[in-house]
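Participant:
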Amino acid sequence: MKRINVLMPALALLVTGFVVSSCKDEENPTIVSNAPTSFTAVMNGASERPTPVSTTATGTTRVLLNESTKVFSYTVTYSGLTPTAGHFHRINPNSTTGTGGVEINFASLTSPITGSFTLANQARIDSFRNGYYYSNLHTATYGNGEIRGDIRR
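Quick note on numbering: the sequence shown equals residues -21 to -1, 1 to 132 in mature numbering (1 follows the signal peptide of the UniProt record, and there is no 0).
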């Protein structure tokens, strides 16, 4: 009788160990997503750098970044201006003015402006994710830019 009393708890513990170790977390699987990440910017004259401008023009930028393919697709809408140029700039991290060179020219200048571009390398993706890009529309009146939007997640 003592032998059965000792064996039953040991057997129960052994069976429980097998059951627990063979369980799968089927209700909470790990999902790897290639879904693009969304970024936005509100464009206005007050955001222009190094010198803000006074304008009633406004705009928005929406970017979808697919990090696995390095492709970002964009839509820029605006009102209250006639652009002569438009593009994405990449800010030099050491910039004291908050400005940077042109990285990507817009596909057109007619609102809504849509297009896509492949970023050259992981450093560009990291710069984009870390807020070093901005959208900018230039006009005849404001050659350095009339409205700008810093692109953020």
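The beta carbon of each residue, even a glycine, is placed where N, CA and C say it ideally should be.
In whole angstroms, give me the CA-to-CA distance for residue 145 and residue 13.
Facilitator: With the chain running from -21 to 132 in the structure shown, residue 145 is simply not present.
Participant: Could you give the C-beta distance for residue 57 and residue 22, rounded to a whole number, given that I count them as a contact under 8 Å?
Facilitator: On the sequence shown, position 78 is the one that residue 57 refers to. On the sequence shown, position 43 is the one that residue 22 refers to. About 7 Å separates the two Cβ atoms, so the contact holds.
Participant: Mind checking whether residue 29 and residue 63 have CB atoms under 7 Å apart?
Facilitator: The residue given as residue 29 occupies position 50 in the sequence shown. The residue given as residue 63 occupies position 84 in the sequence shown. In this structure, residue 63 does not lie closer than 7 Å to residue 29 by Cβ.
Participant: Is the beta carbon of residue 55 less than 7 Å from the beta carbon of residue 114?
Facilitator: By 1-based counting over the sequence shown, the position of residue 55 is 76. By 1-based counting over the sequence shown, the position of residue 114 is 135. Taking 7 Å as the Cβ cut-off, residue 55 and residue 114 qualify as a contacting pair.
Participant: Beta-carbon within less than 6 Å of residue 121's beta-carbon, same chain only, minus the 5 sequence neighbours each way: which residues are those?
Facilitator: The residue labelled residue 121 in the question sits at position 142 within the sequence shown. Cβ neighbours of residue 121 beyond the five flanking positions: 32.
Participant: Determine, using beta carbons only, whether residue 67 and residue 112 come nearer to each other than 7 Å.
Facilitator: Against the sequence shown, residue 67 aligns to sequence position 88. Against the sequence shown, residue 112 aligns to sequence position 133. A contact, by the Cβ cut-off of 7 Å.
Participant: What does the Cβ neighbour count give for residue 97, buried or exposed, with the cut at 16 atoms within 10 Å?
Facilitator: Here residue 97 corresponds to residue number 118 of the sequence shown, with the count starting at 1. When all chains shown are included, residue 97 counts as exposed.
Participant: Suppose you measure from the CA of residue 129 to the CA of residue 117; what does that come to, to the nearest Å?
Facilitator: Sequence index remark: in the sequence shown, residue 129 carries index 150 (1-based). Sequence index remark: in the sequence shown, residue 117 carries index 138 (1-based). Each residue's alpha carbon lies about 15 Å from the other.
Participant: Could you name the residues that DSSP lists as bridge partners for residue 42?
Facilitator: The residue labelled residue 42 in the question sits at position 63 within the sequence shown. 18 and 53, per the DSSP bridge assignment.
Participant: Looking at the unbroken beta strand (DSSP E) that takes in residue 114, where does it start and where does it end?
Facilitator: Here residue 114 refers to the residue found at position 135 when the sequence shown is read from its first residue. Where residue 114 is concerned, the enclosing beta strand (DSSP E) stretches over 112 to 117.
Participant: If we count the other Cβ atoms within 10 Å of its Cβ and call it buried at 16 or more, is residue 69 buried or exposed?
Facilitator: In the sequence shown, the residue the question calls residue 69 occupies position 90. Answer is buried; the Cβ neighbour count reaches 16.
Participant: State buried or exposed for residue 47, treating a residue as buried only when at least 16 other CB atoms are found within 10 Å of its CB.
Facilitator: In the sequence shown, the residue the question calls residue 47 occupies position 68. Residue 47 comes out exposed.
Participant: Could you give the uninterrupted runs of the alpha helix (DSSP H) lying entirely in the stretch 58 to 120, keeping only those of 4 residues or more?
Facilitator: 101 to 108
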